[in-house]
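Residue numbers (our numbering), protein chains in the order written: chain A, 0 to 173; chain B, -4 to 144.
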C-alpha cells in the first residue's frame, strides 16, 4: 500500500510540473488565441476559414448566400436537399427539405430520380456547414447526372439554424 | 525475464510514446489555429475551452514527450500521455457514433479519419503508455546510454 501511495504522489508531483510548464508556455505564446476564444472571435474565424477551404475545393460548383437561400425558401422557388445522414435528417433539418445523403446516393444513384425527379428545378444542397464537404460532393454528383440547377449552401444546417430560420424534426417545427 | 532486458523494453516503449508526443506537440505548436479547427470539428466544446485547449495542450504534450524521451519525470509524463490517449479514444468513439466524417486531429498534420482504425491505434498507444506508467521502475536516462562511450 505504501508503495502505491508513493508512486501516486510522484505521478501527481511530476505531472503537475509538466502541466504547469506547458500552461505557462502556452499562455505566453498563444495569449492572442486564448483572448479571441474568450471574446467570441474564434468561431467566426474558424467558420470563415472552413468556408474558404470548402469553396477552394468545390471546382465550379456555385455557392448560394444564406439570405438569398432564405428568400428562395420564402418564395418556394427552390428545393432544399439535406446531404447528411438519414439519422441527422430525422433529428432536425431545414423545413420541407428532402433527404438524400451522399452515402445513399453513391450506393444507389437512382434514388435521386425518385426523390428529385425534376432535373431542371433549383436544388440547394446543404450539410453540416463549412467543415463538411458532403454537400459539395453531392452537388458534383447531381450535376454529373444531368441536374442543371444545383447550388450549395455553405453555412449548412448550423448556419440556417443559428439564423433562426425555419427547421423541423420528426416531431416538431420551429 | 532479466530486469535489465525489461528496462530496455520499457525504454523502447517510452521512446516510442515520447517521440510521437513530442512530434505531435510540435506540429500543433506551429499551427495552434489548425488544432483549434480540429477540436471545433468535434462539435462538443464551447469556444473558450477550444481556445484554451489549442493554446495549452500542445505544449503539455511536447514537454511530456520530451520527458519520456530523456527519462526525466517519466511517471508524470506517462500519466499525462495515458490520460490524453484515453481522452482521444473517447472523443473518437463519440464522433464515430455520431457519424462525423472528420479528421481526428490527434497527431497534428497527419490525416487520420475518425473510425475504428484510429480507435485501435490510439488504444494500442494507450496500452503502451500505461505499461510504462504502471510497470517501469528504474527508467533508463537517455544520457546514461552514452556514458560508457
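From the three backbone atoms N, C-alpha and C, an ideal C-beta is built for every residue, glycine too. As the structure is a prediction and not an experimental result, all values here were calculated from the model.
Outcome for residue 83(A) when other beta-carbon atoms lying within 10 angstroms are tallied against a minimum of 16: By one-based count along the first chain, residue 83(A) stands at place 84. It counts as buried.
What residues are listed by DSSP as bridge partners for residue 144(A)? Start at 1 with the first residue of the first chain, and residue 144(A) comes out as number 145. The partner list for residue 144(A) (beta bridge, DSSP) is empty, contrary to what the question assumes.
Cβ-based neighbour list, residue 57(A), same chain, cut-off 6 Å, excluding 5 preceding and 5 following: For the purposes of this step, residue 57(A) is identified with residue 58 of the first chain, where counting begins at 1. Closer than 6 Å at Cβ, skipping near neighbours: 135.
Does the beta carbon of residue 1(A) come closer than 7 Å to any beta carbon on chain B? Mapped onto the first chain, residue 1(A) falls at position 2. Reliability fails at residue 1(A), whose pLDDT of 47 lies under 50, so the model's placement of it is uncertain and no value is given.
Is it buried or exposed for residue -2(B), if we count other Cβ within 10 angstroms and need 16 for buried? As a first step, residue -2(B) must be located in the second chain, where it is residue number 3. Residue -2(B) comes out exposed.
With C-beta atoms as the reference, is residue 30(B) less than 7 Å away from residue 49(B)? For the purposes of this step, residue 30(B) is taken as the residue at position 35 of the second chain. For the purposes of this step, residue 49(B) is taken as the residue at position 54 of the second chain. Their beta carbons are under 7 Å apart, which means residue 30(B) touches residue 49(B) by this criterion.
Tell me, please, which residues DSSP counts as bridged to residue 124(A). Stepping through the first chain from its first residue, residue 124(A) is reached at position 125. The partner list for residue 124(A) (beta bridge, DSSP) reads 80(A) and 151(A).
Just verifying my parser: in three-state terms, what is the DSSP assignment at residue 1(A)? Your numbering for residue 1(A) matches position 2 in the first chain. Confidence at residue 1(A) is low in this model, with a pLDDT of 47, below 50, so the placement of that residue should be treated as unreliable; the coordinate-derived value is given next. Three-state DSSP puts residue 1(A) in a helix.
Mind listing the chain A neighbours of residue 27(B)? Cutoff is C-beta to C-beta under 9 Å, in chain order. Within the second chain, residue 27(B) is the residue found at index 32, counting from 1. Using a Cβ-Cβ cut-off of 9 Å, residue 27(B) is close to 25, 28, 29 and 32 of chain A, given in chain order.
Helix, strand or coil, according to DSSP, for residue 166(A) in the structure here? Working through the first chain from its first residue, we reach residue 166(A) at position 167. Judged by DSSP in its simplified three-state form, residue 166(A) adopts strand.
Comparing the C-beta of residue 43(B) with each C-beta of chain A, is any distance below 7 Å? Taking the second chain and counting its residues from 1, the one referred to as residue 43(B) is at position 48. By this cut-off, residue 43(B) is an interface position.
Residue 34(A): buried (16+ other C-beta within 10 angstroms of its C-beta) or exposed? In the first chain, the residue the question calls residue 34(A) occupies position 35. Under this definition residue 34(A) is an exposed residue.
So, helix, strand or coil for residue 98(B), using DSSP? Within the second chain, the letter at position 103 stands for residue 98(B). In the structure shown, the three-state DSSP call for residue 98(B) is strand.
Here's the rule: buried if 16 or more other CB atoms are within 10 angstroms of the residue's CB, otherwise exposed. What is residue 3(B)? Here the question's residue 3(B) lines up with position 8 in the second chain. Classification for residue 3(B): exposed.
Nearest chain A C-beta to residue 35(B) closer than 7 Å, yes or no? Sequence index remark: in the second chain, residue 35(B) carries index 40 (1-based). Under the Cβ distance rule, residue 35(B) counts among the residues neighbouring chain A, one pair being separated by less than 7 Å.
Determine, using beta carbons only, whether residue -1(B) comes closer than 7 Å to chain A. Translated into the one-based positions of the second chain, residue -1(B) becomes position 4. The beta-carbon of residue -1(B) is placed no less than 7 Å from the nearest beta-carbon of chain A.
Taking residue 151(A) as the query, report the chain B residues whose CB atoms sit under 9 Å from its CB, ordered along the chain. Taking the first residue of the first chain as position 1, residue 151(A) is located at position 152. In chain B, no part has a C-beta under 9 Å from the C-beta of residue 151(A); the shortest such distance is about 16 Å.
Grab the span of the alpha helix (DSSP H) containing residue 16(B) for me, first residue to last. By one-based count along the second chain, residue 16(B) stands at place 21. From DSSP, the alpha helix (DSSP H) with residue 16(B) extends over -2 to 25.
Check residue 133(B) in the structure and name its three-state DSSP category. As a first step, residue 133(B) must be located in the second chain, where it is residue number 138. Coil.
What's the C-alpha gap between residue 65(B) and residue 8(B)? The residue labelled residue 65(B) in the question sits at position 70 within the second chain. The residue labelled residue 8(B) in the question sits at position 13 within the second chain. Computed Cα separation, rounded: 13 Å.
May I have the straight-line CA-CA distance separating residue 10(B) from residue 63(B), to the nearest angstrom? For the purposes of this step, residue 10(B) is identified with residue 15 of the second chain, where counting begins at 1. For the purposes of this step, residue 63(B) is identified with residue 68 of the second chain, where counting begins at 1. Straight through space, the alpha carbons of residue 63(B) and residue 10(B) are spaced by roughly 6 Å.
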